[in-house]
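Asker:
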Amino acid sequence: MNFSADTTPVNSTTQSVRQVTVFGLVTFLLIAIVLLPIGIAGNLLVILVVKKKRYLHTKTNFLLANLAASDLMANILGYTVAAARAFPKPAMTFGRFICKINSYYPAASFCSILTLTVIALERYNAIVKPLSNGLKLKKRTLRYLITVIWILSIAAVTPLVYVDEYSMDYQCVRTWDTNSQITFWTCAIVIAICLPLMVIIYCYVRIIHTLYFGRQVIPMNIPVEVDAQEKKKVIKLSIIVTSVFIVSFTPFAIVRELEIRGPVANVVSVFALGFVLLSSLLNPFIYAFQSTNYRQAFKETILKR
8 MNFSADTTPV NSTTQSVRQV TVFGLVTFLL IAIVLLPIGI AGNLLVILVV
58 KKKRYLHTKT NFLLANLAAS DLMANILGYT VAAARAFPKP AMTFGRFICK
108 INSYYPAASF CSILTLTVIA LERYNAIVKP LSNGLKLKKR TLRYLITVIW
158 ILSIAAVTPL VYVDEYSMDY QCVRTWDTNS QITFWTCAIV IAICLPLMVI
208 IYCYVRIIHT LYFGRQVIPM NIPVEVDAQE KKKVIKLSII VTSVFIVSFT
258 PFAIVRELEI RGPVANVVSV FALGFVLLSS LLNPFIYAFQ STNYRQAFKE
308 TILKR
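Counted the way the numbering used here counts, the sequence shown spans residues 8 to 312.
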């Protein structure tokens, strides 16, 4: 995202900068004082309860904790993005720092979508293909898989660190041509967003069909009704979290593509950023409302029981 809009006429530059600064300061205060602290505290709480509470030690919950970690990254980096909006022409050293840090911001979204994909695949294997031992994800393998997710996510955006530079006219600019940027982001969105979403949609369609219309393999020691209800709760939670991510990330992806092709109004960029941050702070509340186990774990941790 560009730090400032320098497309105004020369005779209105001062007024434009003042307007952007006032808007940016209000935005920064809203994001930095309200949204980000809630998001950081909520996601830290999710990671903490999954680590401490043994009854949350399931593969799906470990993956949800990883999702919380990527949301936490988005929250923390959100401070630098918000600062860039509040101070459209920061000093050279601070501006260069923000430029480089912001290059890694998309990694959080890539990590989230890959984690959501693994959650969908894990649930698909457990519900649709329960007898296929070769498809089962073991906890030890899950650790390596989470590591690979982070490596891929960070590697995908690392090239941006080398092409994002802070120019002498106080803007964060990419030193490659527009066509190269379009190619890079189009490939990134198709490979890291669209393809995983297709996998997710396929998995949940098959899962829903199996749960509601198909025949399931139920463990002998668990009542049929209890097993089915528990699985439906987990799937409902996963689908809600995935849907929130899609709805929140779509405006950000669209605005990012538009910014490559030309200037975008600052208010539009901030709106898109706010949607992404809103998603990252909503997930802990979704867990609390949808999961009895998470609700209990949150209460026990907060009340130090």
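Think of the CB as a built atom: it goes at the ideal place given N, C-alpha and C, for glycine as much as any other residue.
Give the straight-line distance between the Cα atoms of Leu-284 and Leu-43, rounded to the nearest whole angstrom.
Answerer: When rounded, the distance between both Cα atoms is 7 Å.
Asker: According to DSSP, simplified to helix, strand and coil, what is Gly-46?
Answerer: DSSP places Gly-46 in helix when its eight states are reduced to three.
Asker: Is the CB-CB distance between Ala-72 and Ile-54 below 8 Å?
Answerer: Taking 8 Å as the Cβ cut-off, Ala-72 and Ile-54 qualify as a contacting pair.
Asker: With a cut-off of 8 Å on the beta carbons, I'd call Val-57 and Phe-69 a contact; round off their distance for me.
Answerer: Going by Cβ atoms, the distance from Val-57 to Phe-69 rounds to 7 Å, so yes, they are a contact pair.
Asker: To the nearest whole angstrom, what separates the beta carbons of Val-206 and Ala-114, a pair I think is in contact under 8 Å?
Answerer: Not really, about 20 Å apart at Cβ, beyond 8 Å.
Asker: Starting from the C-beta of Val-135, find all residues in its chain whose C-beta is less than 7 Å away, skip the five residues before and the five after it, and write them out in chain order.
Answerer: If we look at Val-135 and ignore the five residues flanking it on each side, its Cβ neighbours are Arg-213, Ile-214 and Thr-217.
Asker: Roughly how many angstroms lie between the CA atoms of Pro-270 and Tyr-111, to the nearest whole one?
Answerer: Those two C-alpha atoms are separated by around 21 Å.
Asker: Go ahead and pull the three-state DSSP assignment for Ser-298.
Answerer: The answer is coil: DSSP assigns Ser-298 none of H, G, I, E or B.
Asker: Is the distance from the Cβ of Val-248 to the Cβ of Ile-293 below 8 Å?
Answerer: Yes; because the gap between Cβ atoms is below 8 Å, this pair is in contact.
Asker: For the candidate residues Lys-239, Pro-203, Leu-202 and Cys-210, whose alpha-carbon lies nearest to that of Tyr-219?
Answerer: That would be Lys-239, whose Cα lies nearest to the Cα of Tyr-219.
Asker: How many angstroms separate the CA atom of Ile-153 from the CA atom of Thr-122?
Answerer: For Ile-153 and Thr-122, the distance between alpha carbons rounds to 8 Å.
Asker: Sorted by chain position, which residues of the same chain lie with C-beta nearer than 6 Å to Ile-229's C-beta, five sequence neighbours on each side aside?
Answerer: Note that Ile-229 scores a pLDDT of 48, beneath 50, so its modelled location is shaky; the value from the coordinates is reported in the next line. For Ile-229, where only same-chain residues beyond five positions count, there are no Cβ hits under 6 Å.
Asker: Less than 8 Å separating the beta-carbons of Ile-108 and Leu-288?
Answerer: Cβ distance not < 8 Å, so Ile-108 and Leu-288 don't count as in contact.
Asker: I'd like the span of the alpha helix (DSSP H) that includes Leu-144, first residue to last.
Answerer: Segment: none, Leu-144 is in no alpha helix (DSSP H) and carries neither H nor E.
Asker: If you count every other CB in all the chains shown that lies within 10 Å of the CB of Ser-250, and 16 or more means buried, which is it?
Answerer: Exposed is the call here.
Asker: Within the continuous alpha helix (DSSP H) that includes His-216, where are the two ends?
Answerer: Unbroken alpha helix (DSSP H) run through His-216: 202-219.
Asker: Return the residue from the list Ile-158, Cys-118 and Cys-194 that minimises the CA-CA distance to Leu-74.
Answerer: Closest by alpha carbon: Cys-118.
Asker: Identify every run of the alpha helix (DSSP H) within the stretch 273-297, keeping only runs that are complete inside it and at least 4 residues long; order them along the chain.
Answerer: The stretch 273-297 contains these whole alpha helix (DSSP H) runs: 273-297.
Asker: Take Val-262 and list the residues in its own chain whose beta-carbon comes closer than 7 Å to its own, dropping the five residues that flank it on each side.
Answerer: Val-271, Val-275, Ser-276 and Ala-279, listed in sequence order.
Asker: With DSSP collapsed to three states, give me the class of Asp-78.
Answerer: Note: Asp-78 maps to helix in three-state DSSP.
Asker: Report yes if the C-beta distance between Phe-252 and Ser-298 is below 8 Å; otherwise report no.
Answerer: No, these two residues do not count as a Cβ contact at 8 Å.
Asker: Starting from the C-beta of Phe-104, find all residues in its chain whose C-beta is less than 7 Å away, skip the five residues before and the five after it, and write them out in chain order.
Answerer: Taken in chain order, the list of residues that qualify is empty.
Asker: Nearest-angstrom Cα distance between Ala-304 and Ile-120?
Answerer: The straight-line gap from Cα to Cα measures roughly 25 Å.
Asker: Starting from the Cα of Leu-149, find the closest Cα among Arg-302, Ala-163 and Val-125 and give me that residue.
Answerer: Closest option to Leu-149, Cα to Cα, is Val-125.
Asker: Taking its Cβ as the centre, do 16 or more other Cβ atoms sit within 10 Å of Pro-166, making it buried, or is it exposed?
Answerer: Per the 10 Å Cβ criterion, exposed.
Asker: Below 7 Å CB to CB, which residues in the same chain sit around Glu-264 once its five sequence neighbours on both sides are set aside?
Answerer: Result list for Glu-264: Trp-192, in chain order.
Asker: Consult DSSP for Lys-306 and reduce its assignment to one of helix, strand or coil.
Answerer: Correct three-state label for Lys-306: helix.
Asker: Can you tell me the Cα-Cα spacing of Trp-157 and Val-164, whole angstroms?
Answerer: Roughly 11 Å separates the two Cα atoms.
Asker: In its own chain, which residues sit with a C-beta less than 8 Å from the C-beta of Thr-67, not counting the 5 before and 5 after it?
Answerer: Excluding positions up to five away in sequence, the list reads Ile-126, Glu-129, Arg-130, Val-241 and Ser-245.
Asker: For my contact list, Val-170 and Trp-183 are in at a C-beta cut-off of 8 Å; report their separation, rounded to the angstrom.
Answerer: At roughly 5 Å, the Cβ-Cβ gap stays under 8 Å, so Val-170 and Trp-183 are in contact.
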